[in-house]
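Below is one structure, written out as structure tokens; comments come after it.
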Amino acid sequence: MSSPAASAHAAVESLYLGSEGRFWFVSLHRASPAADTGIGLVIVPPFGFEAVCAHRALRHMAEDAAIAGVSAVRIDLDGTGDSSGDDLEPERLAHWIASIDAAADFLRANGATRVVLAGVRLGALLAILCATGRRDVAGVVAIAPVVSGRRWLREMRVLQLALDLAPTPSERVLVDEVQEVIGFALTAQTRDAVTRIDLEKLAQLPAPSVLIIDRHDLPAATRWAAHLRELGVTVEYEKLPGYTEMMLDPHRTEVPVEIINATIAFAAMRPALDVVHSAPDSAAYSRVQMGSVLEQVVVMNNDLRAIVTQPAEARPRSALVFLNAGGVRRIGPNRLHVPLARRIADEFAMMVLRVDLSGLGDSPSRDGTPENMVYHEHAIDDIQTIVAWIHQQGIADVYLAGLCSGGYYALEAAHVGRPLRGVIVINPGAPGVPDDLSPYQAVADAARYRKMMRSPRGWSQVFAKMVDPNALRRLITTVIKRTCSSASVIVGSVLRRVGVSLKSDSGTRLAALCGRGVAITFVFCADEPGLVVLRERAGSVLLKMQRDDAISLRVLDGIDHTFTPLWSHPVLTAELLTALRRTCV
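Note that numbering that gives the first Met the number 0 has the sequence shown beginning at 0, numbered continuously upward.
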């Protein structure tokens, strides 16, 4: 099988399955006719943040499967990813399984004579449940599987507590006893359904063969493997490395080559089934209506991929583009971009695009640039391609919105003269230097050291760092960077007062944008180092533009960088809606 470096984006068709307003987003990686084995692989993602992290690995799995002659479908489960619905809807378990069934039927309708289901974590549990209801599943691959729903829920609860997020404000307490799982939600009904599942007590044969790929560091499925053998299943059991690396934060994920190779080898070896069923009918759509909005898949120049949402009953007057937040694909952190796009398209009669810049999500890299690079030289050109595509649709007014790297690129695209009506910049990051040398990191380090010095125990930690060469170097670097930054702020302020403006001066650049009629909204969480950097570097110019209502600067308390707590999601929604009302109504 191919290595991560050799695995290029194969031809992929992105479509919607389903009907009657409930649609499931799938990506079909079709094997070439010459290599086609007649086997179809349905790839089932895990739940929530784990699915966000695993996206890159599962895309590579689908691409490599197609190269090996196994057509593969990646499915966004009901209420997740780019599919319709959300976590709070009823009957989550049944709808998740229905979406997997639809993906399997779609493969059968496209020529697969037998189907293999491959799931990760909770996706493995769902794949097993789906397989027990079908007779055309030749095998199941369970990667780091959730065996007990009860144990998984307990693990998710511990993980959420370990994040140590700010508590939910009393006025925003969630109803229905919703359990938070790193930015996603499990209702009481969903938890009850998942709790009742224990694969070690499964009485039905899920498939003739099952490959269990357990974590090599924390194997947890040996008893389940023995139970499957007692049921008469042919079980292959392996402990392979790579799971931990595929589940790192999206900008740090690594492709688990051994897991992918084992999965594809297992799928490719599945023999024909004794019972042959006719291929079911399966409708697929490139454009669907979800309530009051239409959604469609768009592929632009350089194979940039986007989902376009627009009102079903009105012609869009303007367009809003959501850029990638770090290495997260176009759905945004905690899937925030999806409900935001649908609401904004409806309320503002806008076209809303959630896009993958090159090398991120489902868009391939360009000109040899490594994939999954958050900051790269092609990003501004990508944005120009997106803006040009919008103009070709007859829409003149374009707004950009982004969090972290997306915020940085929204502002940078405006600075370099891209034709924009406004930008909404949320907790912007910065490229170009190692984390420990960036001004953003220097601000964060300085804040941490100040906090440590407020207690005797903190002082002891500071002294401990002074005997550690690496920690001492970082402490000295922080002091130097903060001293230089303070000096440059003073110099810049003096120069502006005597009428000298440097092109690199943040205040000068912001004033130039406002002079061109670009509406600017900043949204910062209170502890963001970028807020300190902006206030220092833009200085009195920022204050003046705020007083003149040329720039809006909003600061939110108690929220982390990626708006993880569920109570913070409507807070960000309200800020974005306010920003749009301010500039385009």
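For each residue, glycine too, the CB sits at the ideal point set by N, CA and C.
**Request:** Output the distance between the C-alpha atoms of residue 15 and residue 268, rounded to the nearest integer angstrom.
**Result:** So the alpha carbons of these two residues sit roughly 29 angstroms apart.
**8 angstroms contact criterion, which residue 184 and residue 87 should meet: CB distance rounded** = Confirmed, about 6 angstroms.
**Request:** Return the residue from the list 190, 47 and 349 that minimises the CA-CA distance to residue 321.
**Result:** If you compare the alpha carbons of 190, 47 and 349 with that of residue 321, the shortest gap goes to 349.
**Prompt:** Which whole-angstrom value describes the C-beta separation of residue 303 and residue 385, a residue pair presumed to lie in contact below a C-beta threshold of 8 angstroms?
**Reply:** Yes, they are in contact, since the Cβ atoms of residue 303 and residue 385 sit about 7 angstroms apart, within 8 angstroms.
**In chain order, each beta strand (DSSP E) run of at least 3 residues that lies wholly inside the region 300-366** = Here the runs fully enclosed are 304-310, 317-321 and 350-355.
**Request:** Classify residue 535 as helix, strand or coil using the three-state DSSP reduction.
**Result:** Secondary structure at residue 535: helix, using DSSP grouped into helix, strand and coil.
**Message:** Considering just the uninterrupted stretch of the beta strand (DSSP E) at residue 22, what are its terminal residues?
**Reply:** Counted as a single uninterrupted DSSP element, the beta strand (DSSP E) harbouring residue 22 occupies residues 21-28.
**Prompt:** Where in the region 157-232 do unbroken runs of the alpha helix (DSSP H), each at least 4 residues long, occur, reported from the N-terminal end onward?
**Reply:** Taking only runs of at least 4 residues, the alpha helix (DSSP H) segments lying wholly in the region 157-232 are 187-194 and 221-230.
**Rounded straight-line distance, which links the Cα of residue 117 to that of residue 96** = Taking C-alpha positions only, residue 96 is separated from residue 117 by approximately 13 angstroms.
**Asked** What three-state label does DSSP hand residue 383 in the structure shown?
**Response** Judged by DSSP in its simplified three-state form, residue 383 adopts helix.
**Asked** When the Cα atoms are used, what is the spatial distance from residue 504 to residue 415?
**Response** Going from the Cα of residue 504 to the Cα of residue 415 covers about 14 angstroms.
**Prompt:** First and last residue of the beta strand (DSSP E) that includes residue 254?
**Reply:** Careful: residue 254 lies outside any beta strand (DSSP E) and carries neither H nor E.
**Request:** Have a look at residue 206 and residue 146 and give me their C-alpha separation to the nearest angstrom.
**Result:** If you draw a straight line from the Cα of residue 206 to the Cα of residue 146, it is about 16 angstroms long.
**Asked** Under 9 angstroms between the Cβ atoms of residue 39 and residue 115?
**Response** Result yes, Cβ atoms of residue 39 and residue 115 sit closer than 9 angstroms.
**Asked** Excluding the five sequence neighbours on either side, which residues of its own chain have a C-beta within less than 7 angstroms of the C-beta of residue 338, listed in chain order?
**Response** Counting only Cβ-Cβ distances below 7 angstroms, and skipping sequence neighbours, we find 85.
**Asked** Taking the Cβ atom as the reference point for each residue, do residue 139 and residue 44 lie within a distance shorter than 9 angstroms?
**Response** Their beta carbons are not under 9 angstroms apart, which means residue 139 does not touch residue 44 by this criterion.
**Message:** Tell me which residues share the same chain as residue 332 and place their Cβ nearer than 6 angstroms to its Cβ, disregarding the 5 neighbours each side in the sequence.
**Reply:** The beta carbon of residue 332 lies closer than 6 angstroms to those of 324 and 561 in the same chain, with the five residues before and after it left out.
**Asked** What residues in its chain sit with their C-beta under 6 angstroms from that of residue 564, if we drop five residues either side in the sequence?
**Response** Excluding residues within five positions, the ones whose Cβ falls inside 6 angstroms are 164.
**Request:** Alpha carbon to alpha carbon, how far is residue 262 from residue 110? Give it in angstroms, no decimals.
**Result:** Looking at the two C-alpha atoms, the distance is approximately 21 angstroms.
**Request:** Using 10 angstroms around the beta-carbon of residue 314, count the other beta-carbons present and answer buried if the total reaches 16, otherwise exposed.
**Result:** Exposed, by the Cβ-count rule.
**Asked** residue 194 and residue 148 look like a contact to me (Cβ under 8 angstroms); what is the Cβ gap, rounded to whole Å?
**Response** Right, the Cβ-Cβ distance comes to about 5 angstroms (below 8 angstroms), so this counts as a contact.
**Request:** Check the DSSP bridge columns for residue 551 and list the partner residues they point to.
**Result:** As DSSP reads the structure, residue 551 sits in a beta bridge with 520.
**Asked** Do you know how far the Cα of residue 273 is from the Cα of residue 327?
**Response** Each residue's alpha carbon lies about 43 angstroms from the other.
**Message:** Can you list, in chain order, the residues of its chain with a C-beta nearer than 7 angstroms to that of residue 362? Leave out the 5 residues immediately preceding and following it.
**Reply:** Sequence-distant partners of residue 362 (beyond 5 residues in either direction) whose C-beta falls short of 7 angstroms from its own C-beta, in its chain, are 302, 303, 304, 355 and 356.
**Three-way DSSP call (helix, strand, coil) for residue 416 in this model** = Residue 416: coil per DSSP, three-state reduction.
**Message:** Just to confirm the assignment, what range does the alpha helix (DSSP H) spanning residue 567 have?
**Reply:** Residue 567 -> alpha helix (DSSP H) spans 567-583.
**Prompt:** Who pairs with residue 288 in a beta bridge, going by DSSP?
**Reply:** Answer by DSSP bridge pairing, in chain order: 293.
**Request:** Indicate whether the contact test is met: 3 or more Cβ pairs, each with one atom in the region 392-402 and one in the region 411-425, closer than 8 angstroms.
**Result:** In short, these stretches touch, since the Cβ pair count reaches three.
**Prompt:** Looking at the unbroken alpha helix (DSSP H) that takes in residue 17, where does it start and where does it end?
**Reply:** Premise fails: residue 17 lies in the beta strand (DSSP E), 11-18, not in any alpha helix (DSSP H).
**Request:** Note the first and the last residue of the continuous beta strand (DSSP E) segment covering residue 86.
**Result:** Unbroken run through residue 86: none, as it is neither H nor E.
**Prompt:** Roughly how many angstroms lie between the CA atoms of residue 583 and residue 270, to the nearest whole one?
**Reply:** CA-CA distance, residue 583 to residue 270, rounds to 59 angstroms.
**Message:** When you compare the CB positions of residue 411 and residue 389, do they come within less than 9 angstroms of one another, or not?
**Reply:** No, the Cβ-Cβ distance between residue 411 and residue 389 is not below 9 angstroms.
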